[in-house]
Each structure stands twice: as structure tokens, then as C-alpha cells.
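Notes to accompany the following structure.
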Amino acid sequence: MKLAASLTIVALLSGCTTVSTGEFTTSVNTVATPSKFRTIVDGRYRKSEQAAMVDCVNDAMASPSENILLPHVRQTKRADGYRVDLVVAASQFLVAYVRDDGRFQLDTSDYSGVVKFNREETSIKACLSKHREG
9 MKLAASLTIV ALLSGCTTVS TGEFTTSVNT VATPSKFRTI VDGRYRKSEQ
59 AAMVDCVNDA MASPSENILL PHVRQTKRAD GYRVDLVVAA SQFLVAYVRD
109 DGRFQLDTSD YSGVVKFNRE ETSIKACLSK HREG
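Position in the sequence shown counted from 1, then plus 8, gives you my numbering.
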């Protein structure tokens, strides 16, 4: 018990140091560090079904994960559409862009190589297939 408390304190203190020195922004994977992401799925969906596409992607990311991590899903309205993120701690692991013009893109961070999100990726591909343009 004492070991766990000690590790927690050390982690918190080291996190505070990282934030205060600015290293935080380069040590985590967020869309602010685009070099840490690569596109794994892209395509076009029917613009008239944008709301359904966003719901489908959100549900795909929020489905029970096989990972030991405790991810959460964040959906944000952006100037050019919606962004749906699967986030663990301070890092974005999967980032989906459901743009107003019908373009869709799913990016994965380089952290995702360590943790697999196969179920989420498969479900998101099914969303794109269901709502595919054409």
C-alpha cells in the first residue's frame, strides 16, 4: 500500500514538472503533434447522413474495449465538421474526422502500436461502409 502511494506521488510530481517545463506537449500524442499520427482509414460518406455517421463512429469508439486501459470518447464540433477522439489519460489514440463536405478520416497515434484498437477500427470501417457515398 505504501509503495502504491509513493508511486502515485512520484507520478504526480513528475507530471507537474513536465507540464511546467513545456515537455508535456511533446511527450503526449495529441492532434497538436500531428507527426505522431498516421491515417489508417479514409473515404467519403453521404453528407446527408453526417449525424448518423458521427453517432456510429462515436458508438464504435465507446464500445467496450478489450484493452486494460480505461479510454473515454470525446466528440467535438469543429469548424469543418466533427472530431471524435478515443483518449487515454492525456493522449489521443484514435482520432476520427467526420467533415461537413463528406470526407472521413481515421488517424491513429504512434502510441497505438503498443495498444491495439482492432475492434474499434473494424467497427469504424463498418460505419464508413454503411454510410459510404455512392
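Glycine included, every Cβ here is placed at the ideal spot set by N, Cα and C.
Open item on the list: Can you give me the C-alpha to C-alpha distance between S56 and M69, rounded to a whole angstrom?
Closed with: Here residue 56 is taken as the residue at index 48 of the sequence shown, counted from 1. Here residue 69 is taken as the residue at index 61 of the sequence shown, counted from 1. Those two C-alpha atoms are separated by around 22 Å.
Task: Residue-level contact to chain C via CB, Y105, 8 Å cutoff - done: The displayed structure is made up of one protein chain only, and chain C is not part of it.
Open item on the list: By alpha-carbon positions, which one of V106, V49, D88 ends up nearest to C64?
Closed with: In the sequence shown, the residue the question calls residue 64 occupies position 56. Looking at the Cα atoms, V106 is the closest of the given residues.
- [ ] Report all residues from its chain with a CB closer than 8 Å to the CB of D7; omit the five preceding and five following residues, and keep chain order.
- [x] Residue 7 falls outside the range modelled here, since the chain spans only 9 to 142, and no answer is possible.
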